[in-house]
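FYI, in UniProt numbering the residues of the sequence shown are 1 to 331. All residues carry an ideal CB built from backbone N, CA and C; glycine is no exception. Reviewing the structure listed below.
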Amino acid sequence: MKKYDVTGIGNALVDIEFKVKDQFFTDNGVEKGLMTLVDEDRQNALMQVIDTEHAKKQCGGSAGNTVIALSQFGGKSYYSCKVANDELGYFYMNDMKDAGVSHNLNESNLAEGITGKCLVMVTDDAERTMNTYLGITATYSTADVNEAAIKDSQYLYIEGYLITSENGKQAMKHAKKIAEENGVKVALTFSDPAMVKYFKEPMTEVVGASVDLLFANEEEAMTFTGKDNLLEAREELKKVAKHFVITQGKNGAMIYDGDTFIDIEPYATTAIDSNGAGDMFAGAFMYGITNGHSYASSGKLASMASSKIVSQFGPRLQWHEAKDILAKLNP
Numbered sequence: 001m002k003k004y005d006v007t008g009i010g011n012a013l014v015d016i017e018f019k020v021k022d023q024f025f026t027d028n029g030v031e032k033g034l035m036t037l038v039d040e041d042r043q044n045a046l047m048q049v050i051d052t053e054h055a056k057k058q059c060g061g062s063a064g065n066t067v068i069a070l071s072q073f074g075g076k077s078y079y080s081c082k083v084a085n086d087e088l089g090y091f092y093m094n095d096m097k098d099a100g101v102s103h104n105l106n107e108s109n110l111a112e113g114i115t116g117k118c119l120v121m122v123t124d125d126a127e128r129t130m131n132t133y134l135g136i137t138a139t140y141s142t143a144d145v146n147e148a149a150i151k152d153s154q155y156l157y158i159e160g161y162l163i164t165s166e167n168g169k170q171a172m173k174h175a176k177k178i179a180e181e182n183g184v185k186v187a188l189t190f191s192d193p194a195m196v197k198y199f200k201e202p203m204t205e206v207v208g209a210s211v212d213l214l215f216a217n218e219e220e221a222m223t224f225t226g227k228d229n230l231l232e233a234r235e236e237l238k239k240v241a242k243h244f245v246i247t248q249g250k251n252g253a254m255i256y257d258g259d260t261f262i263d264i265e266p267y268a269t270t271a272i273d274s275n276g277a278g279d280m281f282a283g284a285f286m287y288g289i290t291n292g293h294s295y296a297s298s299g300k301l302a303s304m305a306s307s308k309i310v311s312q313f314g315p316r317l318q319w320h321e322a323k324d325i326l327a328k329l330n331p
């Protein structure tokens, strides 16, 4: 019996989420709908014009959100990440602990520097736009990968955002190698269309011959494969992933279980915030497949969970909400 269902690696970011109108993007030169890496000065300038009093603050980052989701459904997760010894670093460490996730952070290993922050701007159409200053997490490297945790997990979950730096790419490859050499399955999320558009070559290098499980949305799947329709893209993905999930927003999701395609129906909801929907889908799905559920059942759970997330503000469920969703899956 493995100690963890999933060990995740990724950029540790404190999410600062707030609502804006489209005019905010025009006034402040922000490109809507994308994750954009910015420097500290640029992020501080944006911080000066947002309504910080009503902003929501939580520990996050893509993989961070996913391992928290898995934990909320009752799974056992570990997160390997990097924050600084500043106020937000301590906030991140304590918030992760409160979320029930084991991690590599303690007061003695918090580095000098600035903890990464992600400004998450949500518009009335539920679109999320992110401006991210990585801070200390930009230095995440092979030294921060916990080999013992990976070996003691059913799955390693790799966040695609790490691909933006050479040291991050090496950490991805190092962790994947540890997993493969020790019979641990490897899951990878592309994280954002920009990661496969601008970093396709290094991302392909990380994927290597294959991964056990791949998460992508429609745009990422088509961009990575170079296909202009989803039917061709999904056939191409079979060459690099033994199993994969393609999320389709309001149209649900498509799962390849290694043999057949499974269509996952969406659940009716009123979307107000899409931030964290993909992370929640991955977390709920991986909880399912590591805790005795079929791919179809895990997909249903993930669809229910992500529909709940987009109907509220913020990327995280309340604990009772996760339990309610599980009860609906297993009445």
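Residue environment analysis places S210 among the exposed positions, since fewer than 16 neighbouring C-beta atoms fall within 10 angstroms of its C-beta. When secondary structure is reduced to three states using DSSP, S77 falls in the strand class. By the 16-neighbour rule on beta-carbons within 10 angstroms, N131 is buried. Exposed is the label assigned to G208, since fewer than 16 other Cβ atoms lie within 10 Å of its Cβ. Non-local beta-carbon contacts of G113 in its own chain, meaning distances under 7 Å to residues more than five positions away in sequence, involve A84, G135, I136 in chain order.
Listed in chain order, the beta strand (DSSP E) elements of length 3 or more contained wholly in the segment 144-192 are 153-159, 185-189.
Between S80 and T7, the C-beta spacing is below 8 Å. Taking 3 residues as the minimum length, the beta strand (DSSP E) runs contained wholly in the segment 30-106 are 35-37, 56-60, 77-80, in order along the chain. With a beta-carbon spacing of about 15 Å, E166 and N11 fall beyond the 8 Å limit used to define contacts.
Counting the other Cβ atoms within 10 Å of the Cβ of M1 gives fewer than 16, which makes it exposed. If you draw a straight line from the Cα of D279 to the Cα of T66, it is about 5 Å long. Per DSSP, L230 is one residue of the alpha helix (DSSP H) stretching across 230-237. With a threshold of 16 other beta carbon atoms within 10 Å, A45 falls short and is exposed.
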